[in-house]
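Counting in our numbering, the sequence shown runs without a single skipped number right up to 320 at its last residue.
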Amino acid sequence: MKAAPGIERRGFNAWLARRIPPSTRITLSQVNIFIFPTRSGFIFGVLLLTLLVGAINYQNSLVYALVFMLSSIFLITILHTFRNLSGLSLEVCEVRSGFVGEDIEFSVRVERSKGEGREGIEIGWPGGYKQSVELFDEQATTVRLYLNAHARGWLIPGRLLVETCYPLGLLRAWTWVDLKAQGLIFPKPIFDQSHNSTLSGQRDDGVLVDPLGSDDFVDLREYVPGDPIKNILWPTYARTGELAVKRYASYLEPRLWFDFAELPGDAEEKLSRLAGLAISATQSEREFGARLPQLEIAPGIGEMHLNAFLRELALYGHPR
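Here you go:
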């Protein structure tokens with residue numbers, strides 16, 4: 001009975017974890033580099049075998065010489081293909097956070113050992129885009145890899161594929177390395193101010209709004225046709241003969257509170273709305289906080305508070 005593909009994959013991953021354990025920095029050597037002929041390499045091998053049979057059959061010394069020369073080239077190619085990866089060191093130097101649906105950037109530093117340059121190397125994660133690496137004059141370079149984020153929380157890309165078919169394409173040397181890379185994915189923001197749930201009050205240190213619809217007296221000004229009659233200051237008119245009106249204002253409380261329970265949608269949509277409200281509040285330079293089930297995010301202001309706020313949303317409900 002044949003084993004299920006999932007069981008085979010888990011067994012291979014377990015063997016790979018023992019052979020190439022995860023590390024923040026990995027240097028490639030004979031321990032973690034695999035090499036095998038490509039399709040062109042197999043065709044080349046069949047050609048050599050055909051020539052060898054012909055040389056034996058016809059006892060042709062010239063064909064023997066050709067077979068031995070091509071075989072030597074194949075053996076030398078093995079050494080060059082292996083050397084193209086051997087001695088390379090890889091580590092993740094930076095990961096940019098992002099929102100669901102975005103391409104997340106992972107910066108991988110590739111450094112070669114002293115000696116000749118390296119070329120024809122490709123690196124990339126499964127499901128992502130591969131990037132080419134060339135190292136000639138420089139000792140190291142930084143490669144930016146991108147992976148699409150499908151869900152909030154930690155994006156763990158897994159093992160990175162490093163491969164080369166240099167120099168003739170007859171052999172492929174490759175390895176799978178786990179650099180312990182992970183990126184934080186925030187909920188995709190929904191910008192909908194109609195559901196901006198806040199606690200507000202009248203405070204002297206707030207922002208002045210609604211100069212006519214409040215009960216807080218501010219100062220006096222000249223009457224303008226259309227002003228409410230109830231705001232006219234009649235005693236002043238009796239003394240001076242000039243109409244003046246009371247100017248009222250309310251002050252919007254600078255601290256905003258976002259309530260998870262009052263937002264529409266399911267849990268993921270609520271988190272997306274909170275992300276949109278937080279970004280809008282930061283752009284308006286407003287102080288804000290939020291109340292979620294079993295979590296209260298203290299009020300704060302600025303980019304640092306926004307990043308901390310989005311981090312709490314990204315990891316909300318996930319194991320820390």
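Using N, Cα and C, we set each Cβ at its ideal position, and we do this for glycine too. Predicted, not measured: the structure shown is a model, and the values here were computed from it.
By the neighbour-count criterion, in which a residue is buried when 16 or more other Cβ atoms sit within 10 angstroms of its Cβ, Val-31 is exposed.
Our two residues, Gly-276 and Thr-240, have alpha carbons roughly 53 Å apart in a direct line.
A residue is called buried when at least 16 other Cβ atoms come within 10 angstroms of its Cβ; Lys-270 meets this threshold and is buried. Per DSSP, the continuous alpha helix (DSSP H) segment holding Leu-313 begins and ends at 303-315. Within the region 60-105, the complete beta strand (DSSP E) segments of 3 residues or longer fall at 89-95, listed in chain order. Checking the DSSP bridge columns, you'll see Tyr-146 partnered with Glu-105. Under a 10 Å Cβ-count criterion, Tyr-166 is classified as buried, with 16 or more other Cβ atoms of the shown protein chains found around its own Cβ. With 16 or more other CB atoms across the displayed protein chains lying within 10 angstroms of its CB, Tyr-316 is buried. In the DSSP assignment, Gln-131 forms a beta bridge with Ile-123.
In the assembly as shown, Thr-24 is an exposed residue. Its beta-carbon has fewer than 16 other beta-carbons within 10 Å. Of the other Cβ atoms in all chains shown, fewer than 16 fall within 10 Å of the Cβ of Arg-18; this residue is therefore exposed.
In this structure, Leu-161 and Gly-124 form a Cβ contact; the two beta carbons are roughly 6 Å apart against a cut-off of 8 Å.
Taking 9 Å as the cut-off, the beta carbon of Leu-306 is found no closer than this to the beta carbon of Ala-290.
The beta carbons of Leu-85 and Leu-28 sit about 5 Å from each other, so the pair counts as a contact at 8 Å. When the beta-carbon positions are compared, Leu-170 and Thr-50 stay at least 9 Å from each other. In this structure, DSSP gives Arg-159 a state outside helix and strand, which the three-state scheme calls coil. Straight through space, the alpha carbons of Pro-293 and Trp-257 are spaced by roughly 14 Å.
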